[in-house]
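Below you'll find the structure, written out as structure tokens, and then a few comments.
Numbering (the numbering used here), first residue to last: 1398 to 1859.
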């Protein structure tokens, strides 16, 4: 019996050493080849080498081909679980593409990487047990954090940000964005023009009312004939700062987004741009103004270009922006504590950038099943970005909403299921982070979020 036990232990140990040895050779070879082949600069080479030496690609890339031993029983189940979890939290492919092409890495990727480095959560200990070469050294940590800071300074820091906040995951709004005054004035008129709808009852402003936070305050919006939409209307304020538009990101630009509602049969229900233009061009004053801005005449492309130009001016600077620009007294101690808690509880890994959101697509229910707890049947809208990409990995993933003016934009989430801001904060901690926050911490975070309520200064149009 004792001999059998010794033999069994020896077999397990030999198997472990063989698998670990194969993993070592595979990881080392992959890291060296990938860094040389897929880096745009010496710094990018160094960062790629650190990431690959620590085998981040195993669980965070959709393009990884696993070594043969990953198909062994037991190992396969562990690998599938880790990959599924890793891809849900962070897909590294966009960051790899940035290193390869030399463009800035996405802000949310930088924030997630920074959090993992600072908290030393990656690679996990069980993974390191087999992959001996993984584990960030102090040099690796410094290299990654310095690179993140350089990316932020060169690509994302707002001019005028206080030096101590230049490396923050969130940034103050710019004072303005470049626009054409003539297009802005025309776009404002069109944004408020009900003739874009089939029955002349609904304008863009019907669902995006500037006086109440750029939304309509409803769980879902009402379209022509009282038809109800499938998803909560996001705010139009600061939307020019989003990487993509709509909850599922199906519009790449503001102009593309502006072209969707007029022709949506549930929203404004016009059948074509010709139908809309036939009504608009009967307005001689509007037509004169339109031709001054667009000498080539009426078209859907020109209409949406003007609306997008107007929406680009809808920035809402707040007290928090003044704080990030160096006015330390503009926030009280509770609000400042709320900001620190906001970062400490990983809110700023997704709500990043100048818009505190709008930069990435995140799965709803990372830490707990939001949809099961919600209490009613799932809808097509709950599929999120997968409705557009058709990628199963995007199921339940939604564009991270901006938190600017969030105290004004209830109800919250894509389904409009929460009407109280404190409740929304509590739910985000539960379902996204896996934490139960103290009531005093929720109060502080809400106090901080209210500092994001800003004031729109209409652009000069003359």
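Backbone N, C-alpha and C define an ideal beta-carbon position, used for all residues, glycine too. For clarity, every value in this text was computed on a predicted model and none was experimentally measured.
Note to self: Here's a check: name, in chain order, each residue in its chain whose Cβ is nearer than 7 Å to the Cβ of residue 1723, leaving out the five neighbours to either side.
What the structure shows: Your numbering for residue 1723 matches position 326 in the chain shown. These residues qualify, in order along the chain: 1559.
Notebook entry, point to check: Who does residue 1625 pair with in a DSSP beta bridge?
Noted result: Translated into positions along the chain shown, residue 1625 becomes position 228. Under DSSP, residue 1625 forms a beta bridge with 1619.
Next item on the list: Would you identify the three-state DSSP class for residue 1575, choosing helix, strand or coil?
Entry: Locating residue 1575 in the chain shown gives position 178, where the first residue counts as 1. Residue 1575 falls in the coil class under three-state DSSP.
Note to self: Starting from residue 1774, trace the alpha helix (DSSP H) in both directions and tell me its first and last residue.
What the structure shows: The residue you call residue 1774 lines up with position 377 of the chain shown. Taken as a continuous stretch (DSSP letters only), residue 1774 belongs to no alpha helix (DSSP H), as it is neither H nor E.
Margin query: Alpha carbons only, please: which of 1635, 1623, 1594 is nearest the one belonging to residue 1612?
Written below: On the chain shown, residue 1612 is found 215 positions in, with the first residue counted as 1. Looking at the Cα atoms, 1635 is the closest of the given residues.
Check: According to the Cβ coordinates, are residue 1796 and residue 1645 closer than 9 Å?
Finding: Translated into the one-based positions of the chain shown, residue 1796 becomes position 399. Translated into the one-based positions of the chain shown, residue 1645 becomes position 248. Yes, these two residues count as a Cβ contact at 9 Å.
Next item on the list: Look up residue 1859 in the DSSP assignment and say whether it is helix, strand or coil.
Entry: In the chain shown, counting from the first residue as 1, residue 1859 sits at position 462. Bear in mind that a pLDDT of 46 at residue 1859, under 50, signals an unreliable position, so the number given afterwards is only what the model happens to contain. Note: residue 1859 maps to coil in three-state DSSP.
Notebook entry, point to check: Alpha carbon to alpha carbon, what distance is there between residue 1819 and residue 1617?
Noted result: Residue numbering aside, residue 1617 sits at position 220 when the chain shown is read from its first letter. Residue numbering aside, residue 1819 sits at position 422 when the chain shown is read from its first letter. Going by the C-alpha atoms only, they are around 21 Å apart.
Next item on the list: Would you be able to state if there are at least three C-beta pairs under 8 Å between the region 1587-1602 and the region 1764-1773?
Entry: no
Notebook entry, point to check: For residue 1630, which residues of its own chain have a beta-carbon under 7 Å away from its beta-carbon, when the five flanking residues on both sides are left out?
Noted result: For the purposes of this step, residue 1630 is identified with residue 233 of the chain shown, where counting begins at 1. Result list for residue 1630: 1604, 1605, 1612, 1613, 1618, in chain order.
Check: What runs of the beta strand (DSSP E), each 3 residues or longer, lie entirely inside the region 1487-1515?
Finding: Secondary structure within the region 1487-1515: not one fully enclosed beta strand (DSSP E) run of 3 or more consecutive residues is present.
Check: Between residue 1484 and residue 1814, what straight-line distance do the alpha-carbon atoms span, to the nearest angstrom?
Finding: Taking the first residue of the chain shown as 1, we reach residue 1484 at position 87. Taking the first residue of the chain shown as 1, we reach residue 1814 at position 417. So the alpha carbons of these two residues sit roughly 26 Å apart.
Next item on the list: Starting from the C-beta of residue 1827, find all residues in its chain whose C-beta is less than 8 Å away, skip the five residues before and the five after it, and write them out in chain order.
Entry: Along the chain shown, read from residue 1 onward, the residue named residue 1827 stands at position 430. Taken in chain order, the residues that qualify are 1764, 1765, 1833.
Notebook entry, point to check: Any idea what DSSP makes of residue 1710, helix, strand or coil?
Noted result: To locate residue 1710, count along the chain shown from 1; it is residue 313. Coil at residue 1710, not helix or strand.
Notebook entry, point to check: Is the region 1663-1671 close to the region 1833-1848, with three or more CB pairs under 8 Å?
Noted result: no
Notebook entry, point to check: What three-state label does DSSP hand residue 1760 in the structure shown?
Noted result: Within the chain shown, numbered from 1, the residue matching residue 1760 stands at position 363. Residue 1760: strand per DSSP, three-state reduction.
Next item on the list: Can you tell me which of the three DSSP states residue 1795 falls into?
Entry: The sequence position of residue 1795 within the chain shown is 398, counting from 1. Three-state DSSP puts residue 1795 in a strand.
Next item on the list: Pair every Cβ in the region 1438-1450 with every Cβ in the region 1541-1552, then say whether three or more of these pairs are closer than 8 Å.
Entry: With a cut-off of 8 Å, the region 1541-1552 and the region 1438-1450 count as touching, because enough Cβ pairs lie within range.
Notebook entry, point to check: By how many angstroms is the C-alpha of residue 1577 removed from the C-alpha of residue 1859?
Noted result: For the purposes of this step, residue 1859 is taken as the residue at position 462 of the chain shown. For the purposes of this step, residue 1577 is taken as the residue at position 180 of the chain shown. Annotation note: pLDDT 46 at residue 1859 (below 50); position unreliable, coordinate value reported separately. When rounded, the distance between both Cα atoms is 10 Å.
Notebook entry, point to check: Do you know offhand how far residue 1571's Cα is from residue 1802's?
Noted result: Here residue 1571 refers to the residue found at position 174 when the chain shown is read from its first residue. Here residue 1802 refers to the residue found at position 405 when the chain shown is read from its first residue. In a straight line, the C-alpha of residue 1571 is about 16 Å away from that of residue 1802.
Check: By Cβ distance below 7 Å, which residues in the same chain neighbour residue 1847 in space, the five residues on each side in sequence not counted?
Finding: For the purposes of this step, residue 1847 is taken as the residue at position 450 of the chain shown. Cβ neighbours of residue 1847 beyond the five flanking positions: 1804.
Check: Between residue 1708 and residue 1637, which are expected to be in contact by the criterion C-beta below 8 Å, what is the C-beta distance as a whole number of angstroms?
Finding: For the purposes of this step, residue 1708 is identified with residue 311 of the chain shown, where counting begins at 1. For the purposes of this step, residue 1637 is identified with residue 240 of the chain shown, where counting begins at 1. Between residue 1708 and residue 1637 the beta-carbon gap is near 6 Å, inside 8 Å, which marks them as a contact.
Next item on the list: Rounded to whole angstroms, what's the CA-CA distance from residue 1520 to residue 1729? Just pull it up for me.
Entry: The sequence position of residue 1520 within the chain shown is 123, counting from 1. The sequence position of residue 1729 within the chain shown is 332, counting from 1. Residue 1520 and residue 1729: Cα-Cα distance of roughly 38 Å.
Notebook entry, point to check: For the candidate residues 1809, 1793, 1785, whose alpha-carbon lies nearest to that of residue 1776?
Noted result: Residue mapping note: residue 1776 aligns to position 379 of the chain shown, counting from 1. Minimum Cα distance to residue 1776 is reached at 1793.
Next item on the list: Give the range of the alpha helix (DSSP H) segment to which residue 1665 is assigned.
Entry: On the chain shown, position 268 is the one that residue 1665 refers to. Here residue 1665 belongs to no alpha helix (DSSP H), and DSSP marks it neither H nor E.
Next item on the list: Could you please give the first and the last residue of the uninterrupted alpha helix (DSSP H) stretch that includes residue 1652?
Entry: Here residue 1652 refers to the residue found at position 255 when the chain shown is read from its first residue. From DSSP, the alpha helix (DSSP H) with residue 1652 extends over 1651-1655.
Next item on the list: Could you check which residue in 1641, 1620, 1675, 1676 has the C-alpha nearest to that of residue 1658?
Entry: The residue labelled residue 1658 in the question sits at position 261 within the chain shown. If we check each option's Cα against that of residue 1658, 1620 comes out closest.
Note to self: Taking its Cβ as the centre, do 16 or more other Cβ atoms sit within 10 Å of residue 1450, making it buried, or is it exposed?
What the structure shows: Working through the chain shown from its first residue, we reach residue 1450 at position 53. The residue in question, residue 1450, is buried, as its Cβ has 16 or more Cβ neighbours within 10 Å.
Note to self: Just to confirm before moving on: does the CB-CB distance between residue 1506 and residue 1495 stay below 9 Å?
What the structure shows: For the purposes of this step, residue 1506 is taken as residue 109 along the chain shown, with counting starting at 1. For the purposes of this step, residue 1495 is taken as residue 98 along the chain shown, with counting starting at 1. In contact: residue 1506 and residue 1495 (Cβ atoms closer than 9 Å).
Check: Would the beta-carbon of residue 1700 fall within 9 Å of that of residue 1721?
Finding: As a first step, residue 1700 must be located in the chain shown, where it is residue number 303. As a first step, residue 1721 must be located in the chain shown, where it is residue number 324. Against a cut-off of 9 Å, the Cβ pair of residue 1721 and residue 1700 comes out as no contact.
Next item on the list: Apply the 10 Å Cβ neighbour rule to residue 1459 and answer buried if 16 or more other Cβ atoms are within range, or exposed otherwise.
Entry: Start at 1 with the first residue of the chain shown, and residue 1459 comes out as number 62. Per the 10 Å Cβ criterion, exposed.
Checklist line | Exposed unless 16 or more other CB atoms sit within 10 angstroms - verdict on residue 1772 | finding: As a first step, residue 1772 is located in the chain shown; it is residue number 375 there, counting from the start. With fewer than 16 other Cβ atoms within 10 Å, it is exposed.
Item checked: Supposed contact pair residue 1740 and residue 1568 - C-beta distance, whole angstroms, cut 8 Å -> Reading the chain shown from its first residue, position 171 is the one you call residue 1568. Reading the chain shown from its first residue, position 343 is the one you call residue 1740. About 13 Å separates the two Cβ atoms, so there is no contact after all.
Check: If we ignore side chains and look at the alpha-carbon of each, how far apart do residue 1469 and residue 1454 end up?
Finding: Locating residue 1469 in the chain shown gives position 72, counting from the first residue. Locating residue 1454 in the chain shown gives position 57, counting from the first residue. Cα to Cα, the separation comes out at about 19 Å.
Check: From residue 1475 to residue 1531, what distance separates their C-alpha atoms?
Finding: For this step, residue 1475 is matched to residue 78 along the chain shown. For this step, residue 1531 is matched to residue 134 along the chain shown. Computed Cα separation, rounded: 18 Å.
Checklist line | 9 Å Cβ cutoff met for residue 1674 and residue 1601 | finding: Residue mapping note: residue 1674 aligns to position 277 of the chain shown, counting from 1. Residue mapping note: residue 1601 aligns to position 204 of the chain shown, counting from 1. Cβ distance not < 9 Å, so residue 1674 and residue 1601 don't count as in contact.
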